[in-house]
Amino acid sequence: MKQIYLFYLFTTLFFVCCTTRRTSTIVSCEYDEKHDQTNYMIFPYGTASIPGKWDKTSYNTISKQQFFKNEKGVAIAISFGPCNKYEFNTDKSKKGFAFVKAFYEWDSQYLVSTYGLKQELIEENELENYIIWRIYGYYNNSHWDTYFLIGEKRGFANNYSIMDTDMWTIDQKIKFLKEIYLDRKENK
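Per the working numbering, the very first residue in the sequence shown carries number -11; after that it's consecutive.
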């Protein structure tokens, strides 16, 4: 009897020790007509209040990006996640703006080297922990012109992007990204 008990104990310990830690998430996306904004949340990673009405479209399981489109066809993407889950930061050494800078260098270099695109650093803000940048050019006869904001809040990466569109000016794109990340309504 004692041997069976020890067998079950060691087997249980083995399986408990071998399991991976996973975080349960709660995802919510609702349009708030009163405030004319779409509220998107992935608890416990982050939230975004997106000005206007946006519909969820596709989801990229690799990059963890949720894509949205508005009624005019403008496409954006949002992702949240722990900063220590990126290959360049598994040791958790990069926090705050150091993480943001490392993410920008890692992601932009990947897009430049893999697709032959060009990058442009638009704005750095160490106080608010974000960088706004752009990737553009042609790959496989497709035109790319995407604006990104990568930020860090409380140990979580916040990544926002606006896909190629001529419907907004450059200033409107930058203002939109900052408004979502900083969660501030600016006077229009």
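All C-beta atoms, glycine included, are put in the ideal place defined by N, C-alpha and C.
Residue range of the unbroken beta strand (DSSP E) whose run includes residue i
i: K37; result: According to the sequence shown, residue 37 is Ser rather than Lys. Start and end: 34 to 39.
i: T134; result: 130 to 141
i: Y148; result: 144 to 150
Residue i - DSSP class collapsed to helix/strand/coil
i: L109; result: strand
i: G61; result: coil
i: D95; result: helix
i: Y47; result: strand
i: G69; result: strand
i: S101; result: helix
i: K114; result: Correcting the residue identity first, residue 114 is Glu in this sequence and not Lys. Coil at E114, not helix or strand.
i: Y74; result: coil
i: K82; result: coil
i: K89; result: helix
i: K22; result: coil
Interface flag, residue i vs chain C, CB-CB below 8 Å
i: K80; result: The structure shown contains no chain C; it holds only a single protein chain.
Residues sharing a beta bridge with residue i, DSSP
i: W156; result: Bridge partners of W156: none, in fact.
i: C17; result: Y28
i: F240; result: The structure shown does not extend to residue 240, since the chain spans only -11 to 176, so no value can be given for it.
Range covered by the alpha helix (DSSP H) that runs through residue i
i: G125; result: It is not in any alpha helix (DSSP H) - G125 instead sits in the beta strand (DSSP E) that spans 118 to 127.
Residue i, buried or exposed, once every other Cβ within 10 Å from all chains shown has been counted against 16
i: F(-5); result: Confidence is the limiting factor: at F(-5) the pLDDT is only 36, short of 50, which leaves the residue's position unreliable and the question unanswerable from this model.
i: Q25; result: buried
i: D95; result: buried
i: T78; result: exposed
i: C5; result: Reliability of the predicted coordinates at C5 is poor, the pLDDT of 42 falling under 50, and the value obtained from them is presented with this limitation in mind. The residue in question, C5, is exposed, as its Cβ has fewer than 16 Cβ neighbours within 10 Å.
i: S67; result: buried
i: I150; result: buried
i: I158; result: exposed
i: L99; result: buried
i: L109; result: exposed
beta-carbon residue i near the ligand ADP non-hydrogen atom, thresh 7 Å
i: E108; result: The model depicted lacks the ligand ADP and carries no ligand whatsoever.
Pairing CB atoms from the segment 115 to 126 with CB atoms from the segment 95 to 106, are three or more of them under 8 Å? yes
At a cut of 8 Å, does the segment 140 to 159 reach the segment 77 to 88 through at least three beta carbon pairs? yes
Take every Cβ of the segment 61 to 69, pair it with every Cβ of the segment 109 to 119, and state whether three or more of those distances are shorter than 8 Å. no
State whether the segment 126 to 135 contacts the segment 38 to 45, with contact taken as three or more CB pairs (one from each stretch) at a distance under 8 Å. no
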